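Just so you know, the sequence shown maps onto residues 5 to 123 in this note's numbering. Note that the Cβ used here is the ideal one computed from N, Cα and C, for glycine as well. Bear in mind that the values here come from a model prediction, so they are computed numbers and not experimental data.
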Amino acid sequence: FPSHDTVLLIVDTITGMSIALRNTYLNRKGLYTGPTDKLFNSRGIYRGPFKLCVYACFVLVSRLVDKHIPLPFFAPAIDAFLVTTEAYSIFENFAKMGFVAPSTVIEKLKSFANTKKGE
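Set out below in structure tokens:
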């Protein structure tokens, strides 16, 4: 069974693709005025599998580091970072689709993701 990181990545990819398809449809109708990098294209299709490979490398390295260092904290930290990053992206995608997203949850995820990135 896939890990929670993988499931969130798949949900994020699906919601991102639906936004890109909607924007492409609106662009064809002349109703889209946003940036062209948000349209559905072949380059965007490869982003999901590439991201999955990078995440798998992060998780693998974190597990190996935790196995050889007596203080097991690296793997949970990487997992928390990946989960919050993907959850934040999913909430952003839902908000772009027009769903009401709880702003407090989004702000907490954003601040947590920014602190993990060192901002």
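Please report the residue range of the alpha helix (DSSP H) in which G52 lies.
-> The sequence position of residue 52 within the sequence shown is 48, counting from 1. Segment R51 to H72, the alpha helix (DSSP H) holding G52.
Segment limits, alpha helix (DSSP H) that includes K100 | Indexing the sequence shown from 1 puts residue 100 at position 96. Unbroken alpha helix (DSSP H) run through K100: F78 to K100.
Continuous alpha helix (DSSP H) stretch holding Y29: start and end | On the sequence shown, position 25 is the one that residue 29 refers to. Taken as a continuous stretch (DSSP letters only), the alpha helix (DSSP H) holding Y29 covers H8 to R32.
Burial state of E111 (16 or more Cβ within 10 Å) = For this step, residue 111 is matched to residue 107 along the sequence shown. Classification for E111: exposed.
Taking the alpha-carbon positions, what's the F76 to V65 distance?
-> Counting from 1 along the sequence shown, the entry for residue 76 is found at position 72. Counting from 1 along the sequence shown, the entry for residue 65 is found at position 61. Strictly speaking, residue 76 in this sequence is Pro, with Phe absent from that position. Answer to the nearest angstrom: the Cα atoms are 13 Å apart.
I18, buried or exposed, once every other Cβ within 10 Å from all chains shown has been counted against 16 | Stepping through the sequence shown from its first residue, residue 18 is reached at position 14. Burial call: exposed.
Give me the Cβ distance between I94 and V15, rounded to the nearest whole Å; I'm assuming they're in contact under 8 Å.
-> If you number the sequence shown from 1, residue 94 lands on position 90. If you number the sequence shown from 1, residue 15 lands on position 11. About 6 Å separates the two Cβ atoms, so the contact holds.
Give the C-beta separation of V87 and L13 to the nearest angstrom, bearing in mind that I take them to be a contact with Cβ-Cβ under 8 Å.
-> One-based indexing of the sequence shown puts residue 87 at position 83. One-based indexing of the sequence shown puts residue 13 at position 9. 10 Å between Cβ atoms; not a contact.
Nearest-angstrom Cα separation, counted from F44 out to S22 | Within the sequence shown, residue 22 is the residue found at index 18, counting from 1. Within the sequence shown, residue 44 is the residue found at index 40, counting from 1. In a straight line, the C-alpha of S22 is about 9 Å away from that of F44.
Measure from the alpha carbon of T10 to the alpha carbon of each residue in S107, C57, G38 and A99, then state which is nearest.
-> Here the question's residue 10 lines up with position 6 in the sequence shown. Here the closest residue by C-alpha is C57.
What's the C-alpha gap between F85 and R26?
-> For this step, residue 85 is matched to residue 81 along the sequence shown. For this step, residue 26 is matched to residue 22 along the sequence shown. Spanning the two alpha carbons is a distance of roughly 29 Å.
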